[in-house]
Each structure stands twice: as structure tokens, then as C-alpha cells.
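Anchor point for the sequence shown: position 52 equals 52 in the UniProt record's numbering, and the numbering is continuous, going up by one each time.
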Amino acid sequence: MVETRVRKNESLDAALRRFKRDVARAGVLRDVRDRERYEKPSVRRKKKAEANARKNRKRSR
């Protein structure tokens with residue numbers, strides 16, 4: 001869980017920017033999107049394999 005404390009003399013906007021950055025780095029939104037609906041383990045493995053293949057093709061250029 002991401003926790004961001006507002007520092008002394010820090011504006012709320014700056015704290016909000018830090019919070020958004022921390023959430024993005026932790027991958028919270030990606031996890032939420034991935035868990036919106038159930039995905040069979042076989043489909044999950046297939047997507048992972050396809051992503052790795054794309055990554056390898058991109059790397060080999």
C-alpha cells in the first residue's frame with residue numbers, strides 16, 4: 001500500500017504529484033486493471049508468452 005505524508009511547508013499539489021508518482025511506480029493502477037475481470041491461468045500464460053515474444057523481437061532489432 002502506498003503511503004505519502006505531506007511534508008512541512010509542502011503544498012497539497014506537490015504532495016498529490018508525489019502520491020501519483022508513487023502509485024505509478026508501485027504499479028497499483030496496473031494491478032487494478034488486471035484484476036477487473038477473471039482471467040483463466042492458461043490465458044494469462046499465453047499473454048505472458050506473447051509479451052515476451054514481442055519483447056524479444058523488439059530487442060533483436
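Yeah, the Cβ is synthetic: ideal placement off N, Cα and C, and Gly gets one too.
Distance CB(residue i)-CB(residue j) smaller than 9 Å
i	j	result
valine 2	valine 23	yes
glutamate 36	lysine 47	no
Interface flag, residue i vs chain B, CB-CB below 9 Å
i	result
arginine 59	You won't find chain B in this structure, because it holds only one protein chain.
Cβ separation of residue i and residue j, assumed to be a contact under 8 Å, to the nearest whole Å
i	j	result
alanine 15	valine 6	4 Å
arginine 25	threonine 4	Not quite, the Cβ-Cβ distance comes to about 12 Å (not below 8 Å), so this is no contact.
Exercise for the section: Go through the UniProt region "Disordered" (36 to 61) residue by residue and report every complete run of the alpha helix (DSSP H) that reaches 4 residues or more, in order. Expected result: Unbroken alpha helix (DSSP H) stretches of 4 residues or longer found wholly inside the UniProt region "Disordered" (36 to 61): 41 to 60, given in chain order.
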